[in-house]
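A.B. asks: Residues 1 to 160 (the numbering used here) make up the sequence shown, in order. We put the CB at the ideal spot given by N, CA and C, even for glycine. First, the structure itself, so that you have it in front of you.
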Amino acid sequence: MSVDVPMTAKRPYLLRSLYEWIVDNQLTPHIVVNAEVPHCKVPLQFVKEGQIILNIAPAAVGALQMTNSDVQFNARFGGKSQQVYVPIAAVVAIYARENGAGTIFEEESALSYEQAPVEDTQPMALVEETEQDQDKKSVSTKKSAKKPGKAKGSHLKVVK
């Protein structure tokens, strides 16, 4: 006997579990995002054919939040820290960069394209630098000031 009981979307649950699985296996999780979904805030200069691939590895992003309605994090694009907001309906796939393990999500009727917060009506904004970021800059500036004449080159050598 089949009873038609409305259920929440499974995409956010699968996304979080696959993310954890990929990270637990020391691989790099990437998500494919449909950048044309309303309220999606991604760096438009990197969008190709309406989609963008985002590296969401712990080392690549800050303040990652994956809720039932969205994915949010801070990341650097072109050297500038930016806040990324992706409605869960815009997440097309998640996979490991190294071997492609992951999944492409199916369309779900339980997902709505209108799940963004009211205040998210502006294009992608730059994120203010935190004190920690400023401290890192001052430390790296101090280190580079100690060796002003020596340019740092590659540690690799050409072998013939």
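What's the gap between the Cα of Leu18 and the Cα of Ile94?
C.D. replies: Along the sequence shown, read from residue 1 onward, the residue named residue 18 stands at position 18. Along the sequence shown, read from residue 1 onward, the residue named residue 94 stands at position 94. Leu18 and Ile94: Cα-Cα distance of roughly 7 Å.
A.B. asks: Could you round the C-beta distance between Pro6 and His39 to whole angstroms and report it? I think they count as a contact, below 8 Å.
C.D. replies: For this step, residue 6 is matched to residue 6 along the sequence shown. For this step, residue 39 is matched to residue 39 along the sequence shown. Incorrect: roughly 24 Å between the Cβ atoms, too far for contact.
A.B. asks: For the stretch 58-67 against the stretch 95-109, do three or more pairs of beta-carbon atoms, one drawn from each stretch, fall closer than 8 Å, so that the two count as touching?
C.D. replies: With the cut-off at 8 Å, the stretch 58-67 and the stretch 95-109 do not touch.
A.B. asks: Looking only at its own chain, which residues have a Cβ that is under 8 Å from the Cβ of Asn74, when we skip the five neighbours before and after it?
C.D. replies: One-based indexing of the sequence shown puts residue 74 at position 74. For Asn74, where only same-chain residues beyond five positions count, the Cβ hits under 8 Å are Val61, Gly62, Ala63, Ser81, Gln82, Gln83, Val84 and Val127.
A.B. asks: Report all residues from its chain with a CB closer than 7 Å to the CB of Thr28; omit the five preceding and five following residues, and keep chain order.
C.D. replies: To locate residue 28, count along the sequence shown from 1; it is residue 28. The answer, listed in chain order, is Asn55, Ala57, Ala96, Arg97 and Glu98.
A.B. asks: Would you mind listing the alpha helix (DSSP H) stretches within the stretch 45-78 that are 4+ residues and don't spill past its ends, in chain order?
C.D. replies: Runs of the alpha helix (DSSP H) inside the stretch 45-78: none found.
A.B. asks: Does DSSP put Val37 in a helix, in a strand, or in coil?
C.D. replies: For this step, residue 37 is matched to residue 37 along the sequence shown. DSSP places Val37 in coil when its eight states are reduced to three.
A.B. asks: Return the bridge partner residues of Lys80 from the DSSP annotation.
C.D. replies: Here residue 80 is taken as the residue at index 80 of the sequence shown, counted from 1. Paired residue(s): Phe77.
A.B. asks: Taking the beta strand (DSSP E) that Val5 belongs to, which residues open and close that run?
C.D. replies: Along the sequence shown, read from residue 1 onward, the residue named residue 5 stands at position 5. Where Val5 is concerned, there is no enclosing beta strand (DSSP E), given that its DSSP letter is neither H nor E.
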